[in-house]
Amino acid sequence: MRSTGPTNQLLKDTIELLEKRSRERPIWGRVAELLSKPTRKRPAVNVSKINRYASDGDIVIVPGKVLGAGNISKKVTVAAFSFSAKAAEKIKAAGGRILTLREAVEQVQDYSKVKILV
316 MRSTGPTNQL LKDTIELLEK RSRERPIWGR VAELLSKPTR KRPAVNVSKI
366 NRYASDGDIV IVPGKVLGAG NISKKVTVAA FSFSAKAAEK IKAAGGRILT
416 LREAVEQVQD YSKVKILV
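For the sequence shown, my numbering assigns the number 316 to the initial residue and increments by one for each residue that follows.
Structure, rendered in structure tokens:
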């Protein structure tokens with residue numbers, strides 16, 4: 316069987332944008348690489364894992380989907396390709412922000428607090 320790559324146009328456009336930006340910041344190249352994987356191999360991260368590994372004020376990048384299992388108590392900015400409804404609700408309730416990857420590429424200025432969670 317021949318590999319066709321992603322068929323979702325939004326996903327294709329996001330990967331293309333990330334690859335362009337990787338020339339300036341290599342972190343976006345790694346995110347694009349992880350996002351290019353098949354859906355079954357793409358990371359799905361629970362909010363409990365974000366709570367465990369992130370500190371207040373961090374920017375967490377998830378090259379996949381954020382799921383709502385567990386609790387989060389830290390004010391973090393989470394950028395991901397998609398969020399479950401419960402995950403978005405819990406992050407906002409904790410005082411955090413949610414961003415799409417496209418928004419993160421434009422808004423992130425300080426890369427010292429950026430973490431990629433897989």
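Glycine is no exception: its CB is placed at the ideal position from the N, C-alpha and C atoms.
Take the Cβ of Leu350 as the centre, count every other Cβ of all protein chains shown within 10 Å, and call the residue buried at 16 or more, exposed below. buried
Given a threshold of 16 other Cβ atoms within 10 Å of its Cβ, counted over all protein chains shown, does Ala419 qualify as buried or as exposed? buried
Suppose the cutoff is 6 Å on Cβ atoms and the five residues either side in sequence are ignored; what does the same chain contact list for Leu414 look like? Ala394
According to DSSP, Leu382 sits in a beta bridge with which residue or residues? Asn361
In the DSSP output, which residue or residues are listed as bridge partners for Ser397? Lys380
Among Ala408, Ala369, Ala347, which has the Cα closest to the Cα of Ser427? Ala369
Does DSSP put Arg412 in a helix, in a strand, or in coil? strand
Per-residue burial, Gly372 [other beta carbons within 10 Å of its own, 16 or more giving buried]: exposed
Apart from the five residues just before and just after Leu333, which ones in its own chain have a Cβ nearer than 6 Å to its Cβ? Trp343, Val346, Ala347
Euclidean distance between Cα positions of Gly320 and Thr354: 10 Å
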